[in-house]
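Read the sequence shown against the numbering used here and you will find it ends at 266, with the numbers running on by one and no gaps. We put the CB at the ideal spot given by N, CA and C, even for glycine. As the structure is a computational prediction, the values presented were derived from the model and not from experiment.
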Amino acid sequence: MPIYCDESGGVGRGVMTLAGLSIEAADAERTLARFREVTGLTGELKGSRIDLAERALLLEILDDADWSATVGIAISALVPEQGSDRGDHDVAIYVQLLEDVIGAMMPATDGCVSVFMDDGRYGPETLALVRKDIAAIIGPCGQAQLELSHRLPGLQIADVIANTFFNRAMVTDRQARMAAIVAPYLESGKVRLRVLSGDAQTDD
Numbered sequence: 063m064p065i066y067c068d069e070s071g072g073v074g075r076g077v078m079t080l081a082g083l084s085i086e087a088a089d090a091e092r093t094l095a096r097f098r099e100v101t102g103l104t105g106e107l108k109g110s111r112i113d114l115a116e117r118a119l120l121l122e123i124l125d126d127a128d129w130s131a132t133v134g135i136a137i138s139a140l141v142p143e144q145g146s147d148r149g150d151h152d153v154a155i156y157v158q159l160l161e162d163v164i165g166a167m168m169p170a171t172d173g174c175v176s177v178f179m180d181d182g183r184y185g186p187e188t189l190a191l192v193r194k195d196i197a198a199i200i201g202p203c204g205q206a207q208l209e210l211s212h213r214l215p216g217l218q219i220a221d222v223i224a225n226t227f228f229n230r231a232m233v234t235d236r237q238a239r240m241a242a243i244v245a246p247y248l249e250s251g252k253v254r255l256r257v258l259s260g261d262a263q264t265d266d
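What follows is the structure, given as C-alpha cells:
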C-alpha cells in the first residue's frame with residue numbers, strides 16, 4: 063500500500079507537521095471524488111482552503127476506505143541554534159519528520175512500499191537529496207518519488223491531515239474544534255501521533 067507524505071507549517075510558524083497516509087491509490091481517488099461530489103469544490107484540495115465542516119466530512123468519507131496515518135509534529139525542535147540559517151533549519155526539521163514518520167510506518171508494510179512526497183516545498187536540488195535519503199530508508203525493494211500534489215489524491219488528503227494537526231497545535235479559537243475532529247482517529251489508533259523533540263517519541 064503506498065504512503066503519501068505532505069507537511070504543514072514550518073520554522074517561521076512555530077509548528078511543523080508531516081502526515082504519512084497509507085492508502086491505496088484507488089481508495090484515495092474515490093474518497094476525493096465523493097468529497098467533490100458532496101461539496102461542489104473543484105481544484106486542488108488543500109487543508110488551508112477548507113473549513114472545519116469540510117475537513118470533518120473528508121475524514122468521514124475516508125472511513126469507507128482501508129487507511130491509516132502517522133503524523134509527526136515538531137514544536138520545541140523548531141527553535142534554531144543561534145546563528146544558524148532559518149531556511150536550512152526548516153529543511154532539517156522536514157527531513158527529520160519525514161525520516162521518523164516513514165521509519166515508524168515501515169514495519170506495517172511488506173518492505174516493498176512506494177512513498178510519494180510533495181514536490182512543492184523546496185528547490186529541486188534539496189528535494190532530490192530528500193528523495194535519496196528516504197529511498198535509503200525504505201530499501202531497494204521500495205521506491206521514493208516526488209510528485210506535484212495536485213496530481214495525486216493521496217497527497218491532497220495527506221495535506222488536509224497534516225494541516226488539521228497543525229491547527230490542532232496552534233493556540234487559536236479553532237484549536238479545540240480541530241482536536242475534536244481528530245480525537246476519534248487518535249483514540250482508535252487509526253492515526254498515530256509522533257512528537258519530534260530532539261529524540262522522536264510516540265504520543266499515544
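Original post:
Could you give the distance in angstroms between the alpha-carbon of alanine 238 and the alpha-carbon of leucine 191?
Top reply: 37 angstroms
Original post:
Taking the alpha helix (DSSP H) that leucine 191 falls in, what are its first and last residues?
Top reply: 186-200
**OP:** May I ask you to report which of helix, strand or coil DSSP gives glutamate 209?
**Re:** strand
Original post:
If we ignore side chains and look at the alpha-carbon of each, how far apart do glycine 71 and lysine 194 end up?
Top reply: 23 angstroms
Subject >> Minimum length 4: unbroken alpha helix (DSSP H) runs contained in the region 78-140 >> reply: 87-101 and 114-124
**OP:** Please name the residue in Asp172, Gly185 and Val222 whose C-alpha comes closest to that of glutamine 205.
**Re:** Asp172
**OP:** From the DSSP output, in three-state form, read off arginine 230 for me.
**Re:** helix
Original post:
For threonine 93, does the count of other Cβ atoms within 10 angstroms reach 16, so buried, or fall short, so exposed?
Top reply: buried
Original post:
Is the distance from the Cβ of isoleucine 20 to the Cβ of valine 133 below 8 angstroms?
Top reply: Residue coverage of the chain in this structure runs from 63 to 266, which leaves residue 20 outside it and unanswerable.
Original post:
Using DSSP with H/G/I as helix, E/B as strand and the rest coil, what is leucine 248?
Top reply: helix
Subject >> Residues sharing a beta bridge with methionine 179, DSSP >> reply: Cys67 and Leu208
Original post:
Which first and last residues belong to the alpha helix (DSSP H) in which valine 157 is found?
Top reply: 148-167
Original post:
Would you call the region 99-119 and the region 153-165 in contact, with 3 or more CB pairs under 8 angstroms?
Top reply: no
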